[in-house]
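Reading the sequence shown from the start, the letters are residues 0 to 258 in numbering that gives the first Met the number 0. For every residue, glycine included, the Cβ atom is placed at its ideal position computed from N, Cα and C. In what follows, a structure is listed as structure tokens, so that the remarks can point back to it.
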Amino acid sequence: MADRNFDDLAQRFRKRIYGGLKGDIRLAVLNRDLAPVLDGKGDRLNVVDAGGGQGQFALDLAAAGHRVWLTDISVEMLDLAREQVAERGLGSRVQTLQLPLQALDSDPRIPSADLLLCHAVLEWLEQPQQALVHLAQCLVPGGYLSLTFYNRRALEFRLLQRGSLRQLDRNRNSGDWGGHPGSLTPQNPLLPEEVMGWVEQAGLSLVAHSGIRCFHDFMTPEMRDKLPPAAIVEKELEYSRVDPYRQLARYVHLLCRRA
Ligand SMILES: C[S@@+](CC[C@H](N)C(=O)[O-])C[C@H]1O[C@@H](n2cnc3c(N)ncnc32)[C@H](O)[C@@H]1O
0 MADRNFDDLA
10 QRFRKRIYGG
20 LKGDIRLAVL
30 NRDLAPVLDG
40 KGDRLNVVDA
50 GGGQGQFALD
60 LAAAGHRVWL
70 TDISVEMLDL
80 AREQVAERGL
90 GSRVQTLQLP
100 LQALDSDPRI
110 PSADLLLCHA
120 VLEWLEQPQQ
130 ALVHLAQCLV
140 PGGYLSLTFY
150 NRRALEFRLL
160 QRGSLRQLDR
170 NRNSGDWGGH
180 PGSLTPQNPL
190 LPEEVMGWVE
200 QAGLSLVAHS
210 GIRCFHDFMT
220 PEMRDKLPPA
230 AIVEKELEYS
240 RVDPYRQLAR
250 YVHLLCRRA
């Protein structure tokens, strides 16, 4: 298993991940969690996006005045990001670089980050723990790491809920929880408790822990379509830090800080 380059998934990713309620919930939780880091900061932050892909979230930060370094190994994803940069007139604040995140802490073109984003990337890596060590090195003292990853507990619950018990046993016995190679289900879903241990070992402290899509995915499609999207987003925000719902969320958001 190698780190997953999204060249062949770029178009499908654009359509599937950000357009719609799933994207709205993700952005709502991230904006809420990062508000203390961003609000009232007159000065412009150096924001580095590791495995930033098309940069939806980072480009909003550039539009808000911050300096952004958007990096990824995928040329296709970065090309789509560049289209957005041009369309939104953000060229003076955004640099896009084809670069593996494992090289971020040694590349002279990348400054130490006040805010480092690594959203939905760890679960596509061969060695996620080592990647966290690199990421921690990319921060200024007192800098923040915003980390989201795909939650294996949610996948387990989904298989249980669907009665896919043999599949669950196969995954557990083989240790292979990955989706089909061409799918958008990651190759390496992660356990929140394990990632939190890695964060600590990398010398970072945990500032906030939220779930993204704590109940959205478990609703019946009929009910999901019947309710106003804003009402679902509001409840997702309300329950995103409440256990047990947070522990079964499709994605986990950890806001971490370097001492
Ligand atoms: C699921 S996408 C997430 C994109 C973006 N962070 C977001 O939240 O929209 C995962 C991205 O990680 C990139 N990627 C995979 N391995 C990488 C690595 N070692 N270094 C940098 N980017 C990587 C892929 O090319 C892909 O664009």
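For residue 211, DSSP records a beta bridge to 250.
Residue 150 has its CB no nearer than 7 Å to any heavy atom of ligand 1.
Per the Cβ contact rule, the stretch 198-215 is in contact with the stretch 137-153 (3 or more Cβ pairs under 8 Å).
If you draw a straight line from the Cα of residue 33 to the Cα of residue 123, it comes to about 23 Å. Three or more beta-carbon pairs separated by less than 8 Å link the stretch 243-251 to the stretch 209-226, which places the two stretches in contact. Not one heavy atom of ligand 1 sits closer than 7 Å to the Cβ of residue 108.
The continuous beta strand (DSSP E) containing residue 145 extends over residues 138-149. DSSP lists 66 as the beta-bridge partner residues of residue 45. Beta-bridge annotation (DSSP): residue 95 is paired with 69.
Inter-residue distance for residue 207 and residue 255 is about 7 Å (C-alpha atoms, whole angstroms). Membership of residue 113 in any alpha helix (DSSP H) is not indicated; the residue belongs instead to the beta strand (DSSP E) covering 112-118.
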